[in-house]
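K.L.:
When you read off a place in the sequence shown, starting at 1, and then add 1, the result is the number in the working numbering.
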Amino acid sequence: WHPIPGEFDDYIATPKESMYQSLHTAIIGPEGRAIEIQIRTREMHRSAEYGVAAHWRYKEGGRSDGRVEAKVAWLRQLMDWRDQVADAEEFVESLKSDVFQEMIYVFTPGGDIIELPARATPVDFAYRIHTEVGHQCVGAKVNDQLISLDSELQNGQVVRILTSNSRVGPSRDWLLASSEYVTTASAREKIRRWFRNQERDENIAQGKEIVEREIRRLSLELKPEDILKSFPQYPKLDDFYAAIGYGAVSPQQIASRLDVNRGRDVLTTTSSVAAPRTEPRLSVLGAGDLLTNLATCCSPVNGDPIIGYVTRGRGITVHHDGCSNVAALPDPERLIPVSWGDRGVDTFPVTIRVRAWDRVGFLKDVSTLLADEKVNILSVLTTTHDDRTVTLLVTVEVQGIGQLSKILRKLESVRDVYEVRRDTGTLPARGGAGPS
2 WHPIPGEFDD
12 YIATPKESMY
22 QSLHTAIIGP
32 EGRAIEIQIR
42 TREMHRSAEY
52 GVAAHWRYKE
62 GGRSDGRVEA
72 KVAWLRQLMD
82 WRDQVADAEE
92 FVESLKSDVF
102 QEMIYVFTPG
112 GDIIELPARA
122 TPVDFAYRIH
132 TEVGHQCVGA
142 KVNDQLISLD
152 SELQNGQVVR
162 ILTSNSRVGP
172 SRDWLLASSE
182 YVTTASAREK
192 IRRWFRNQER
202 DENIAQGKEI
212 VEREIRRLSL
222 ELKPEDILKS
232 FPQYPKLDDF
242 YAAIGYGAVS
252 PQQIASRLDV
262 NRGRDVLTTT
272 SSVAAPRTEP
282 RLSVLGAGDL
292 LTNLATCCSP
302 VNGDPIIGYV
312 TRGRGITVHH
322 DGCSNVAALP
332 DPERLIPVSW
342 GDRGVDTFPV
352 TIRVRAWDRV
362 GFLKDVSTLL
372 ADEKVNILSV
382 LTTTHDDRTV
392 TLLVTVEVQG
402 IGQLSKILRK
412 LESVRDVYEV
422 RRDTGTLPAR
432 GGAGPS
């Protein structure tokens, strides 16, 4: 029979993560029909059909088998892993990402084969070798060439991990949802466990700093106590801070939870000349289905506290509750309570302020990053300063505060950038400014 090209898989030389072993191929059979052929030993078939536990029981009366022990160790690892993950849904999703996806096969310098999920990084490789190797990882070489720790490993590469005894533990940056240092759930759990085992006071201090920094970065008019309401599993603020400190809750999870519980993040550019945009999807408490629009003076954010003002001929104008113009509005009796509705529009404009050391290609790097994140750029304004720094105001459309948080963190990784934050000051009108 003629084989079908590209349909041969050798799972004996490179077993699956579940220890499955077999040869797979496909041939062109009678009447031109494709037939899949699986070739394996009886022992391999028993494992494939009845699972590792049945095979282990079959072998229990005989001598010790290293391959069986490896399978049992894998099951124990799954059980430990489940105990470490508080959320059952998170465990299932992690299991899918690590086990039920395409795999790659790389080599240690000693020639051992290491199986990893596709898109795995040197950090994932280090933790697969040994937990302490991961904790002390400071660099990596692939085929004797230095690579960054967030590089994507490829099939057949020889990976060497560089370690340092002076390193006291993993980097918190490895746990950021916006980073690409760690892609496997098993490595992520080992990192979280390390931080969880640190002193509680240290985790609380770290968590508090992360929350306050995220509030400042996103220009949210919120207190930490307000954010805590979106995480009812933590009864006390210190418990919440500690969970952030050891990595159980990430900054992007905070932003995403605010999207869900407080409404999606309506992000509008602030401009004294931009025309108001009608937002029929705002829910106005006690006023029926009135025409509503977002005030351009304060960029109200869906999820921020807001207040409405009845404007003659224009329905309800929605301001940020902390907008300085609200206090100066005539007829304060026209102020009414409003809330964000469940039906959010697809995207909302927001302006981001980026400060960096000026260099050739900086604007291109920022534009490329935003294009990779699939966000639409509405306007760009650059200002070059005498000290060879540059300030970039870029207005983009995002789907919510969770996506905004991710973009801010991505921009922080651009070379020569030293400050990134959401800008709520006076911004260019939509389409009114371009690169300078």
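The beta carbon of each residue, even a glycine, is placed where N, CA and C say it ideally should be.
Quick caveat, the model's predicted, so the values are computed rather than measured.
1. In angstroms with no decimal places, state the Cα-to-Cα distance between A119 and E103.
2. The alpha helix (DSSP H) that contains N377, what's its start and end?
3. Quick check on the burial criterion: 16 or more other C-beta atoms within 10 angstroms. Buried or exposed for H3?
4. Determine whether the beta carbon atoms of G246 and N204 lie at a separation below 8 Å.
5. If distances are taken between C-alpha atoms only, which option among F349, T318, V139 comes closest to S335?
6. Figure out for me which residue from I307, T396, K375, F363 has the closest Cα to the Cα of Y419.
7. What does a CB cutoff of less than 6 Å around V212 pick up in its chain, not counting 5 residues either side in sequence?
8. Grab the span of the alpha helix (DSSP H) containing A329 for me, first residue to last.
9. What did DSSP end up calling R265 once you bin it into helix, strand or coil?
10. Identify every residue that forms a DSSP beta bridge with Q146.
11. Alpha helix (DSSP H) containing F232: first to last residue?
12. Using a threshold of 8 Å, state whether the C-beta atoms of I40 and S23 are closer than that.
13. Tell me the DSSP bridge mates of R422?
14. Would you mind working out which of D332, G157, A127 sits nearest D151, comparing C-alpha positions?
15. Are there three or more Cβ pairs, one per stretch, closer than 8 Å when the segment 324 to 331 is compared with the segment 234 to 252?
16. Output yes or no for whether 8 Å exceeds the beta carbon distance between K209 and Y182.
17. Got a sec, what are the start and stop residues for the beta strand (DSSP E) G208 sits in?
18. CB I105 to CB L154, shorter than 8 Å?
19. In whole angstroms, give me the CA-to-CA distance for T269 and F349.
20. Restricting to Cα atoms, I'd like to know which of S368, T385, T384, T383 is closest to R377.
21. Please classify D424: is it buried, with 16 or more other beta-carbons within 10 angstroms of its beta-carbon, or exposed?
22. Tell me whether A113 is buried or exposed, calling it buried when 16 or more other Cβ atoms sit within 10 Å of its Cβ.
23. Leaving out five residues on either side along the sequence, give the residues of the same chain with a beta carbon under 7 Å from the beta carbon of R360.
24. Rounded to the nearest angstrom, how far is the Cβ of R422 from that of S172, given a contact under 8 Å?
25. M104 by DSSP, collapsed to three states: which one?
26. Report buried or exposed for D373, applying the criterion of at least 16 other Cβ atoms within 10 angstroms of its Cβ.
27. Relative to the alpha-carbon of Y21, which residue among P31, T383, D10, A256 has its alpha-carbon at the smallest distance?
28. Round the Cβ separation of V355 and L393 to the nearest angstrom and send it over; I've been treating them as touching at under 8 Å.
29. With which residues is Q39 paired in a DSSP beta bridge?
P.N.:
If we stick to the structure as given:
1. Take the alpha-carbon of A119 and the one of E103: they are about 6 Å apart.
2. Bounds of any alpha helix (DSSP H) do not take in N377; it lies within the beta strand (DSSP E) bounded by 377 to 385.
3. It counts as exposed.
4. Taking 8 Å as the cut-off, the Cβ atoms of G246 and N204 count as close.
5. In the sequence on display, residue 335 carries Arg and not Ser. In terms of CA proximity to R335, T318 leads the group F349, T318, V139.
6. Ranking I307, T396, K375, F363 by Cα distance to Y419 puts F363 first.
7. The beta carbon of V212 sits closer than 6 Å to the beta carbons of P225 from its chain, once the five residues preceding and following it are set aside; these are given in chain order.
8. Unbroken alpha helix (DSSP H) run through A329: 325 to 329.
9. Low confidence applies here, because R265 scores a pLDDT of 43, under 50, leaving its location unreliable and the question unanswered by this model.
10. In DSSP, Q146 forms a bridge with V143.
11. No alpha helix (DSSP H) contains F232, which DSSP labels as neither H nor E.
12. Taking the C-beta atoms as reference points, S23 is found nearer than 8 Å to I40.
13. Bridge partners of R422 according to DSSP: R354.
14. For D151, the nearest C-alpha among the options comes from A127.
15. Inter-segment contact for the segment 324 to 331 and the segment 234 to 252 is absent: fewer than three beta-carbon pairs are separated by less than 8 Å.
16. K209 places its beta carbon 8 Å or farther from that of Y182.
17. Under the DSSP assignment, G208 falls outside any beta strand (DSSP E), being part of the alpha helix (DSSP H) whose first and last residues are 201 to 218.
18. Closer than 8 Å, so yes.
19. Model confidence at T269 stands at a pLDDT of 38, short of 50, so the residue's coordinates are unreliable and nothing is read from them.
20. Position check: residue 377 holds Asn in this sequence, whereas Arg was assumed. Restricting attention to S368, T385, T384, T383, the CA atom closest to the CA of N377 is found in S368.
21. Residue environment analysis places D424 among the buried positions, since at least 16 neighbouring C-beta atoms fall within 10 angstroms of its C-beta.
22. Looking at the sequence shown, residue 113 is not Ala but Asp. Flag for D113 reads exposed.
23. Only D417 meet the Cβ criterion.
24. In fact, because the Cβ distance is near 22 Å, the residues do not count as touching under 8 Å.
25. Correct three-state label for M104: strand.
26. D373 counts as exposed, since fewer than 16 other beta carbons sit within 10 angstroms of its beta carbon.
27. Minimum Cα distance to Y21 is reached at D10.
28. Between L393 and V355 the Cβ distance is about 4 Å, and since that is below 8 Å, they are a contact.
29. In DSSP, Q39 forms a bridge with H25.
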